[in-house]
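Remarks on the structure that follows.
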Amino acid sequence: MENQRMLEVIVTDGEVRLVKFVPSRILDEIQINTIGQQVISLIDEGVTKIVFDFSNVDHLSSSALGMLITIKKRLDNVGGTMKLCNIQPQIFQVFKITRLDKLFEIYDTATEALTGFNQ
Amino acid sequence: MQETSSHKNIHSVIIKNDMQLARSKVVEPVIAKLSAQGYCKQDQFAIRLGLEEALSNAYKHGNKCDPKKTISVKWLIDKDKTIIWVKDCGNGFDPQAVPDPRENGNIEKPSGRGLLLIRAYMSEVSFNEQGNEVKMVKKRGEKSES
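From first to last, the protein sequence lines are chains U and P.
So for the first sequence, the numbering used here puts the first residue at 4; every next one is plus one.
So for the second sequence, the numbering used here puts the first residue at 208; every next one is plus one.
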């Protein structure tokens, strides 16, 4: 599981990273821990602006939501920002039910999320 | 894995406390059956999510990740509804005492959303007296709470 590719990290203009989830299901605890560690490594390397792209994701668990909150706190601690984009409607409903749509900045597309960073 | 069947339409399994086994022996067979019965994608999404969260709660909170413990699961899938029971070997918990993760003081906590999601996506959720078995009913075609 740890050896599977979990994230596609795209370096955009400037210091922003577009991080695309590769698996369609973010459910497994080990997988979620691996993803979390890979993102925290990016933050430790000095990345402070991250856009998470959910276009591949069609299932996610409460543990995955927890991982996103942990990453947000980590970024908050270093003055960073994260945004979410390309969330499929049934996954967006999970964010709405948990009211995490109020905690996270959510955009329809990666372009919109990235544009916001440049303003 | 032990496999028993107390009723001809109720499928019953006892698995080791292992989430990979839980997926291969419970989640995937349940989803395959729902698909074969023609349940829509939204119902399959809701039941997969509820089942994943219930199994994860049993594995983590009930059985404390102990590989020597077991999870008992039963399911009944008919044309109108699906009923799933998930039981762990723990002491149980009081579902009324679980804090609402949507409240301001809890919104940034990384855990505590599983039960909320189960309640949102299932039509009916109840627990046995000990609090170590959840019964989830999903009425076919019923919209989830949002």
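In this text, a Cβ means the ideal position worked out from N, Cα and C, and glycines have one as well.
To the nearest angstrom, how far is the alpha carbon of P/K275 from that of P/K248? Counted from its first residue, the second sequence places residue 275 of chain P at position 68. Counted from its first residue, the second sequence places residue 248 of chain P at position 41. Cα to Cα, the separation comes out at about 35 Å.
Is there a Cβ from chain P that is less than 8 Å from the Cβ of U/I72? For the purposes of this step, residue 72 of chain U is identified with residue 69 of the first sequence, where counting begins at 1. At least one chain P Cβ lies under 8 Å of U/I72.
Please classify U/E115: does DSSP put it in a helix, a strand, or coil? For the purposes of this step, residue 115 of chain U is identified with residue 112 of the first sequence, where counting begins at 1. Helix at U/E115.
Could you give the DSSP three-state label for U/M9: helix, strand or coil? The count along the first sequence starts at 1 and reaches residue 9 of chain U at position 6. Residue state, collapsed to three classes: coil.
Is the segment 68-79 of chain U touching the segment 299-317 of chain P, taking contact as three or more C-beta pairs under 8 Å? yes
So is U/V81 buried or exposed if we call it buried at 16+ other beta carbons inside 10 Å? As a first step, residue 81 of chain U is located in the first sequence; it is residue number 78 there, counting from the start. Exposed, by the Cβ-count rule.
Outcome for P/T277 when other beta-carbon atoms lying within 10 angstroms are tallied against a minimum of 16: In the second sequence, the residue the question calls residue 277 of chain P occupies position 70. The residue in question, P/T277, is buried, as its Cβ has 16 or more Cβ neighbours within 10 Å.
Looking only at its chain, what residues have a beta carbon closer than 6 Å to the beta carbon of U/F107, apart from the 5 residues adjacent to it on each side? Here residue 107 of chain U corresponds to residue number 104 of the first sequence, with the count starting at 1. Counting only Cβ-Cβ distances below 6 Å, and skipping sequence neighbours, we find L87.
Do we get a CB-CB distance below 8 Å when we pair U/Q93 with the residues of chain P? The sequence position of residue 93 of chain U within the first sequence is 90, counting from 1. Yes, U/Q93 lies at the interface with chain P (some Cβ there is under 8 Å from its Cβ).
Close beta carbons around P/R309, own chain, < 8 Å, minus the five adjacent residues each side: On the second sequence, position 102 is the one that residue 309 of chain P refers to. Here the set comprises L323.
Any idea what DSSP makes of U/M85, helix, strand or coil? Counting from one through the first sequence, the residue named residue 85 of chain U turns up at place 82. Reduced to three states, the DSSP call for U/M85 is strand.
Pair within 8 Å by beta-carbon distance, P/G348 and P/D273: The sequence position of residue 348 of chain P within the second sequence is 141, counting from 1. The sequence position of residue 273 of chain P within the second sequence is 66, counting from 1. It is not a contact, given that the beta carbons lie outside the stated cut-off.
Around the C-beta of P/G257, are 16 or more other C-beta atoms found within 10 angstroms, so that it is buried, or is it exposed? For the purposes of this step, residue 257 of chain P is identified with residue 50 of the second sequence, where counting begins at 1. Buried, by the Cβ-count rule.
Is the beta carbon of P/P306 closer than 8 Å to that of P/F334? In the second sequence, residue 334 of chain P corresponds to position 127, counting from 1. In the second sequence, residue 306 of chain P corresponds to position 99, counting from 1. The answer is no: Cβ separation not under 8 Å.
Taking 8 Å as the threshold (C-beta atoms), are U/D56 and U/L21 in contact? The residue labelled residue 21 of chain U in the question sits at position 18 within the first sequence. The residue labelled residue 56 of chain U in the question sits at position 53 within the first sequence. Contact: yes.
Going by other Cβ atoms of all chains shown within 10 Å of its Cβ, with 16 needed for buried, is P/V280 buried or exposed? Position 73 of the second sequence, counted from the start, is the residue given in the question as residue 280 of chain P. By the 10 Å Cβ count, P/V280 comes out buried.
Under the assumption that U/L45 contacts U/F24 (Cβ atoms under 8 Å), give the Cβ distance between them as a whole number of angstroms. By 1-based counting over the first sequence, the position of residue 45 of chain U is 42. By 1-based counting over the first sequence, the position of residue 24 of chain U is 21. At roughly 14 Å, the Cβ-Cβ gap does not stay under 8 Å, so U/L45 and U/F24 are not in contact.
Contact with chain P by U/I100, beta-carbon distance below 8 Å: What you label residue 100 of chain U is simply residue 97 of the first sequence in a count that begins at 1. Chain P, which has a Cβ nearer than 8 Å to the Cβ of U/I100, makes this yes.
May I ask you to list the residues that DSSP assigns as paired with U/D56? The sequence position of residue 56 of chain U within the first sequence is 53, counting from 1. In the DSSP output, where bridge partners are listed per residue, U/D56 has U/K23, U/C88.
Across which residues does DSSP place P/H268 in a beta bridge pair? Along the second sequence, read from residue 1 onward, the residue named residue 268 of chain P stands at position 61. Paired residues: none, contrary to the question.
According to DSSP, is P/E334 part of a helix, a strand, or is it coil? Mapped onto the second sequence, residue 334 of chain P falls at position 127. Correcting the residue type first, residue 334 of chain P is Phe in the shown sequence and not Glu. The answer is strand: DSSP assigns P/F334 an E or B state.
Against chain B, with Cβ distances strictly below 8 Å, would P/E331 count as a contact? The chain inventory of the structure shown lacks chain B, comprising the protein chains U and P.
So the alpha helix (DSSP H) U/L68 belongs to, where does it begin and stop? In the first sequence, counting from the first residue as 1, residue 68 of chain U sits at position 65. Note, U/L68: alpha helix (DSSP H), 65-80.
Helix, strand or coil, according to DSSP, for U/T37 in the structure here? Counted from its first residue, the first sequence places residue 37 of chain U at position 34. Note: U/T37 maps to helix in three-state DSSP.
Grouping DSSP H, G and I as helix and E and B as strand, with all else coil, what is P/V305? Taking the first residue of the second sequence as position 1, residue 305 of chain P is located at position 98. Coil at P/V305, not helix or strand.
By alpha-carbon positions, which one of P/K232, P/A265, P/Q227 ends up nearest to P/N298? Start at 1 with the first residue of the second sequence, and residue 298 of chain P comes out as number 91. Ranking P/K232, P/A265, P/Q227 by Cα distance to P/N298 puts P/A265 first.
Separation of U/I100 from U/S65, as counted between CA atoms: Your numbering for residue 65 of chain U matches position 62 in the first sequence. Your numbering for residue 100 of chain U matches position 97 in the first sequence. If I take the Cα positions, the gap works out to 11 Å.
To which residues of the same chain is U/P26 closer than 8 Å at the C-beta, ignoring the five residues directly before and after it? In the first sequence, counting from the first residue as 1, residue 26 of chain U sits at position 23. Same-chain partners within the cutoff: Q7, M9, Q34, N59, V60.
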